[in-house]
Amino acid sequence: MTWEELGYLLRGLSLKACRMSNFCLTHHLLRALKLETEYLNPQGHLYCYPHLAAEYPDVPSGIVCAAETRARKLFHKHAVNVLRGDTAMVRFRKDASIPLPVDGYKIVRIGDTDYGVDIQLLSRQEAKRRKGRGRICVVLANNRRNPKAGPVLQKLADGMLRRGVASLFRKKKDWYISIPYEMEAAERAEDFVPGLIMGVVFGRQCALAYAFNHLPKQGELPADEITAREARFHERKEKLQKQYQWSGRKGRGTEKAMQPLRRLQEKERNYRSLVNGRYAKRIVELAVKNRCGEIRLEESPGAEARQEPIALAHWPAGDLQNKLCQKAEEAGITVRKCEVPNLRSPDIADCEAARRLAACEENDP
-15 MTWEELGYLL RGLSLKACRM SNFCLTHHLL RALKLETEYL NPQGHLYCYP HLAAEYPDVP
45 SGIVCAAETR ARKLFHKHAV NVLRGDTAMV RFRKDASIPL PVDGYKIVRI GDTDYGVDIQ
105 LLSRQEAKRR KGRGRICVVL ANNRRNPKAG PVLQKLADGM LRRGVASLFR KKKDWYISIP
165 YEMEAAERAE DFVPGLIMGV VFGRQCALAY AFNHLPKQGE LPADEITARE ARFHERKEKL
225 QKQYQWSGRK GRGTEKAMQP LRRLQEKERN YRSLVNGRYA KRIVELAVKN RCGEIRLEES
285 PGAEARQEPI ALAHWPAGDL QNKLCQKAEE AGITVRKCEV PNLRSPDIAD CEAARRLAAC
345 EENDP
């Protein structure tokens, strides 16, 4: 899709979002004036979505819902003054912003330093009719204009910040995206239990195993999702490499031929970063829940993976450790990385983390 086609699509979507929001405002006013309206659900509340979805089948359902919600909130904000006759009914302009629900966009990492946004701009039916993709990924200009936005974009891409409903709007022939985000308040335990330590190691059949030194609690974070997704990534990567190998392309056209493989690598990198953030958050939540103020983390699983394979042998464990340390610091928990002897047993549930934790305590000065 060219920039001209993208601009035409965005301008049309902006006009449709304006019409949908104004339609909802009109019927909210009719409902408030106790006039007849046919767009009611069985509970007697105004519900315009079925009509809007049928009227605009090419617009994603998320944008339709966001436009209806935006109109409802705006009407309730000005309803008192409008019904009293103090002000006229507010209306949206034809170049109104395009609301993007949380599921309708996501921040992705492109390359090593750049970030982009993947947006759902077409419904599935319209994408099939056009024989194209409904989602469009564009590179954000903040990568160059505002280098300070890099850390925030990284946290958004890793899922460490809570995103809100974004909006696409046009200003002086340029398109901008406004992404509201909220810092999740790190849950802190009121008082940590003295001497309570949580041991976390990399497992053979699971991603992470954990246990406490003075509590009978132990558990594991499964690695089934990771291994299955990694197998699909590997299979797809081999297929693309074979296609390139036998295509006969040499010299010119190499860059274009390598684009599918590079897009797959970026997708795999984004997935790994997202899962690492999710696992780090889960471990810290468990520590806070049990009022544990210290986490002992296995330092270098790569060295032991050469002796006995672990589930995350080909996984960026360093990134997982960094994210866990960051999350723990926000919650006021101390993290110590330990080098422990190889005590891995065939049964991962056999309190492996507890035995490794005991070895850590014996090595303390």
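Residue numbers (the numbering used here): -15 to 349.
From the three backbone atoms N, C-alpha and C, an ideal C-beta is built for every residue, glycine too.
{"query": "Test item: CB-CB of Asn6 and Ala141 under 9 angstroms", "result": "no"}
{"query": "Identity of the residue in Leu17, Ser257 and Ile120 nearest Gly69 by Cα", "result": "Leu17"}
{"query": "Closest residue to Leu(-6) among Leu105, Asn25 and Lys90 (Cα-Cα distance)", "result": "Leu105"}
{"query": "Buried or exposed by the 16-neighbour rule on C-beta atoms within 10 Å, applied to Val43", "result": "buried"}
{"query": "Three-state class that DSSP yields for Trp299 in the structure shown", "result": "coil"}
{"query": "Thr318 - DSSP class collapsed to helix/strand/coil", "result": "strand"}
{"query": "Distance CB(Ile317)-CB(Ala264) smaller than 9 angstroms", "result": "no"}
{"query": "Within 9 angstroms, strictly: CB atoms of Leu248 and Lys226", "result": "no"}
{"query": "Cβ-Cβ distance between Pro300 and Asn260 below 9 angstroms", "result": "yes"}
{"query": "Tyr99 - DSSP class collapsed to helix/strand/coil", "result": "strand"}
{"query": "Where Pro206 falls: helix, strand or coil (DSSP)", "result": "strand"}
{"query": "Proximity to Val86 [Cα-Cα], best of Lys112, Leu9 and Ser45", "result": "Ser45"}
{"query": "Residue from Ile181, Arg54, Phe217 and Ser(-2) whose Cα sits closest to the Cα of Cys8", "result": "Arg54"}
{"query": "Counted within 10 angstroms of its Cβ, other Cβ atoms place Ala191 as buried (16 or more) or exposed", "result": "buried"}
{"query": "Best match in Glu283, Val66 and Leu13 for proximity to Asp303 [C-alpha to C-alpha]", "result": "Glu283"}
{"query": "Backbone secondary structure at Glu214 - three-state DSSP", "result": "helix"}
{"query": "Supposed close pair Ala215, Glu204 - CB separation, criterion 8 angstroms", "result": "The Cβ separation is near 20 angstroms, so there is no contact."}
{"query": "Reference Phe196; option with closest CA among His298, Lys311, Val177 and Val74", "result": "Val177"}
{"query": "Cβ-based burial, Leu67 [other Cβ within 10 Å; buried from 16]", "result": "exposed"}
{"query": "Assumed close pair Arg320, Gly183 - CB separation to whole angstroms, cut-off 8 angstroms", "result": "Actually they do not touch by this definition, with Cβ atoms about 10 angstroms apart."}
{"query": "Continuous alpha helix (DSSP H) stretch holding Val122: start and end", "result": "Element bounds for Val122: not the alpha helix (DSSP H) but the beta strand (DSSP E), Arg119 to Val123."}
{"query": "Secondary structure of Tyr357, DSSP reduced to three states", "result": "The displayed coordinates of the chain run from -15 to 349. Any statement about residue 357 would go beyond what the structure contains."}
{"query": "Proximity of Gly100 and Arg93 at Cβ, strictly below 9 angstroms", "result": "yes"}
{"query": "Reduced DSSP category for Ala72 - H, G, I as helix; E, B as strand; rest coil", "result": "coil"}
{"query": "Backbone secondary structure at Cys276 - three-state DSSP", "result": "coil"}
{"query": "Ala287 in three-state terms, based on DSSP", "result": "Summary for Ala287: the model assigns pLDDT 46, below 50, so the residue's position carries little reliability; its value from the coordinates is reported in the next sentence. It is helical."}
{"query": "Beta-carbon contacts of Cys32 that lie in its chain and below 7 angstroms, excluding the five residues immediately before and after", "result": "Phe7, Cys8, His11, Tyr23 and Glu52"}
{"query": "Euclidean distance between Cα positions of Ala287 and Glu314", "result": "At Ala287, the pLDDT of 46 sits below 50, so the modelled position is not reliable and the matter cannot be decided from this model."}
{"query": "Proximal residues to Lys354 (C-beta, below 8 angstroms), its chain only, five neighbours per side dropped", "result": "This structure cannot settle anything about residue 354, because the visible part of the chain is limited to -15 through 349."}
{"query": "Tyr160 burial status per 10 Å Cβ neighbour count (16 or more: buried)", "result": "exposed"}
{"query": "Start and end residues, beta strand (DSSP E) containing Ala141", "result": "It is not in any beta strand (DSSP E) - Ala141 instead sits in the alpha helix (DSSP H) that spans Gly134 to Ala141."}
{"query": "Opposing strand residues paired with Ser81 [DSSP bridges]", "result": "Per DSSP, none; premise fails for Ser81."}
{"query": "Three-state secondary structure assigned by DSSP to Met242", "result": "coil"}
{"query": "Limits of the alpha helix (DSSP H) - the one that Lys0 falls within", "result": "Trp(-13) to Ala16"}
{"query": "Cα-Cα separation between Leu152 and Arg266, rounded to whole angstroms", "result": "33 angstroms"}
{"query": "Nearest neighbour of Asp79, chosen from Pro26, Met4, Gln189 and Val122 [CA to CA]", "result": "Met4"}
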